[in-house]
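Engineer: The working numbering numbers the first residue of the sequence shown as 2 and each following residue consecutively. Every residue gets a Cβ at the ideal spot worked out from N, C-alpha and C, and that includes glycine. Sharing a structure with you now.
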Amino acid sequence: MSKQKIKVVISDLDGTLLNSDHTISDYTKSVFQELHKQNYLIIVATGRHHMDAMAIINTLGFPVYLVTSNGARIHSPQKELLYSFDMNGDSVKSVLALDIDPEITTVLFKETVWQTSKNNSKLNAFQKDLAYPPQVVNFAELEDFNAIKIFFTHDNHQKLVDLKEKILESHLDVFSHAFSLPICLEFMDKSVDKSVAISKILEKEGFSFEEAITFGDGFNDEKMLTSAGIGLIMGNAPENLKEKLHHLQVISTNNEDGVASYLSLNLENIGKKHKKTKA
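Pasting the structure below:
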């Protein structure tokens, strides 16, 4: 795929556009502002909730398309809701009725709040201003199980793998799932995926995946990485993702401004103004 044919830039947030402080560096902002001036279509696709993600992308200084909750929501650059798909409440209830290790933090993404089984300081650190507030609840007493996404986190990856297998035993045809990080397991409706949502945007704007370059670091990025004309894996991505997508190039890490560095070196008219390190 010729880099000269790239018209669309698509990026994940955590572990990709964001550094380990969960912020976008000034250098990355400057490169993306130049992309915007050069009329590239820019799409941010994240597992985060839209309220949380909007607070972050506002710091870019210009409007972008936003895909959130791994594809369950699409917002236009004008922040208009273009697409919305929720999980089936009865299916969510049946998952939460399983014998889930109490050490695992369980989260339901709702429209204006995320309901969690316990306060998790590591999870709270992903938000700088808590634009999307947490609410500690007892799921055994919950009445409304409609949700955008179910999220589980634990420092022990194997505990999450075991939970994934338990849930899929009876929900294989209902949910899709992904490890956005080794410590983060996410379940969505079967029809939801970042790549599906991105396709809707590309069709609306008259582009194809072949004209897109994508950046990601998690298994929830897999389909968008493999669908694009150029798919690039972050240096900080899990080794098993790099091995699975061994045909894709691995670039610098998120803490090295890997996305912006690659773009400045490889996209015409961007690098002339924004030189940094080799990606």
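1. Is it right to say GLN116 is buried, meaning 16 or more other beta carbons lie within 10 angstroms of its own, or is it exposed?
2. Quick check on ASP174: buried or exposed, where buried means 16 or more other Cβ atoms within 10 Å of its Cβ?
3. Are the region 177-185 and the region 197-208 in contact at 8 Å, needing three or more beta carbon pairs?
4. Does the distance from the C-beta atom of MET225 to that of THR254 stay below 8 Å?
5. Leaving aside the five residues before and after GLU187 along the sequence, list all residues of the same chain whose C-beta is less than 8 Å from its C-beta, in chain order.
6. By DSSP's criteria, ILE58 is part of a beta bridge. Which residues make up the other side?
7. Could you tell me if VAL65 is buried or exposed, where buried requires 16 or more neighbouring beta carbons within 10 angstroms of its beta carbon?
8. Tell me whether MET235 sits in a helix, a strand or coil according to DSSP, three-state version.
9. For a quick check, are the C-beta atoms of PHE208 and ASP190 less than 8 Å apart?
10. Helix, strand or coil for ASP91, going by three-state DSSP, please let me know.
11. What does a CB cutoff of less than 7 Å around ILE101 pick up in its chain, not counting 5 residues either side in sequence?
12. Mind pulling the alpha helix (DSSP H) runs of 4 or more residues that sit fully within the region 149-175?
13. Across which residues does DSSP place THR227 in a beta bridge pair?
14. Taking just the CA atoms, how far does ILE75 sit from HIS275?
15. On the premise that LYS94 lies in contact with LEU61, defined as a C-beta separation below 8 Å, what is that separation, rounded to the nearest angstrom?
16. Which whole-angstrom value describes the C-beta separation of ILE11 and LEU19, a residue pair presumed to lie in contact below a C-beta threshold of 8 Å?
17. Measuring only the C-alpha atoms, how far is ALA148 from GLU269?
18. Judging by CA-CA distance, which residue of GLU104, ASP91, GLU212 is the nearest neighbour of ASP156?
19. Between which two residues does the beta strand (DSSP E) carrying GLU187 extend?
20. Which residues share a DSSP beta bridge with SER85?
21. Taking a contact to mean a Cβ-Cβ separation below 8 Å, would you say ALA56 touches LYS195 in this structure?
22. Going by DSSP in three states, GLN34 sits in which element: helix, strand or coil?
23. Relative to the C-alpha of PRO135, which candidate in HIS51, GLU223, LEU266, LEU109 has its C-alpha closest?
Structural biologist: A quick look at the data gives this:
1. Here residue 116 is taken as the residue at index 115 of the sequence shown, counted from 1. It counts as buried.
2. Within the sequence shown, residue 174 is the residue found at index 173, counting from 1. It is exposed - the Cβ of ASP174 has fewer than 16 other Cβ atoms within 10 Å.
3. no
4. Mapped onto the sequence shown, residue 225 falls at position 224. Mapped onto the sequence shown, residue 254 falls at position 253. In terms of Cβ geometry, MET225 and THR254 do not form a close pair [threshold 8 Å].
5. The residue you call residue 187 lines up with position 186 of the sequence shown. Closer than 8 Å at the Cβ level, and outside the excluded window around GLU187, lie GLY48, ASN71, LYS150, ILE151, PHE152, PHE153, HIS178, ALA179, PHE180, SER181, ASN221.
6. Counting from 1 along the sequence shown, the entry for residue 58 is found at position 57. Note: ILE58 sits in no beta bridge, so no partner.
7. Within the sequence shown, the letter at position 64 stands for residue 65. It counts as buried.
8. Start at 1 with the first residue of the sequence shown, and residue 235 comes out as number 234. Looking at MET235 - three-state DSSP - the assignment turns out to be coil, as it is neither helix nor strand.
9. As a working note, residue 208 is residue 207 in the sequence shown. As a working note, residue 190 is residue 189 in the sequence shown. Taking 8 Å as the cut-off, the Cβ atoms of PHE208 and ASP190 do not count as close.
10. Translated into positions along the sequence shown, residue 91 becomes position 90. DSSP places ASP91 in the helix class (H, G or I) of the three-state scheme.
11. Here the question's residue 101 lines up with position 100 in the sequence shown. THR107, LEU164, listed in sequence order.
12. 158-172
13. By 1-based counting over the sequence shown, the position of residue 227 is 226. DSSP, once it has assigned bridges, lists no residue as partnering THR227.
14. Here the question's residue 275 lines up with position 274 in the sequence shown. Here the question's residue 75 lines up with position 74 in the sequence shown. Unreliable positioning characterises HIS275 in this predicted model, as indicated by a pLDDT of 49, which lies under 50. The coordinate reading is nonetheless provided below. Distance between the alpha carbons of HIS275 and ILE75 is about 30 Å.
15. Reading the sequence shown from its first residue, position 60 is the one you call residue 61. Reading the sequence shown from its first residue, position 93 is the one you call residue 94. The pair is not a contact, with the Cβ atoms about 38 Å apart (cut-off 8 Å).
16. Along the sequence shown, read from residue 1 onward, the residue named residue 11 stands at position 10. Along the sequence shown, read from residue 1 onward, the residue named residue 19 stands at position 18. The pair is not a contact, with the Cβ atoms about 15 Å apart (cut-off 8 Å).
17. By one-based count along the sequence shown, residue 148 stands at place 147. By one-based count along the sequence shown, residue 269 stands at place 268. Approximately 42 Å between the Cα atoms of the pair.
18. Counting from one through the sequence shown, the residue named residue 156 turns up at place 155. ASP156 has its Cα closest to that of GLU104, out of GLU104, ASP91, GLU212.
19. Here residue 187 refers to the residue found at position 186 of the sequence shown. First-last of the beta strand (DSSP E) with GLU187: 185-190.
20. As a working note, residue 85 is residue 84 in the sequence shown. Answer is ARG74, bridged to SER85.
21. In the sequence shown, residue 56 corresponds to position 55, counting from 1. In the sequence shown, residue 195 corresponds to position 194, counting from 1. Taking the C-beta atoms as reference points, LYS195 is found no nearer than 8 Å to ALA56.
22. Sequence index remark: in the sequence shown, residue 34 carries index 33 (1-based). Note: GLN34 maps to helix in three-state DSSP.
23. Residue numbering aside, residue 135 sits at position 134 when the sequence shown is read from its first letter. Taking only the C-alpha atoms, the option nearest PRO135 is LEU109.
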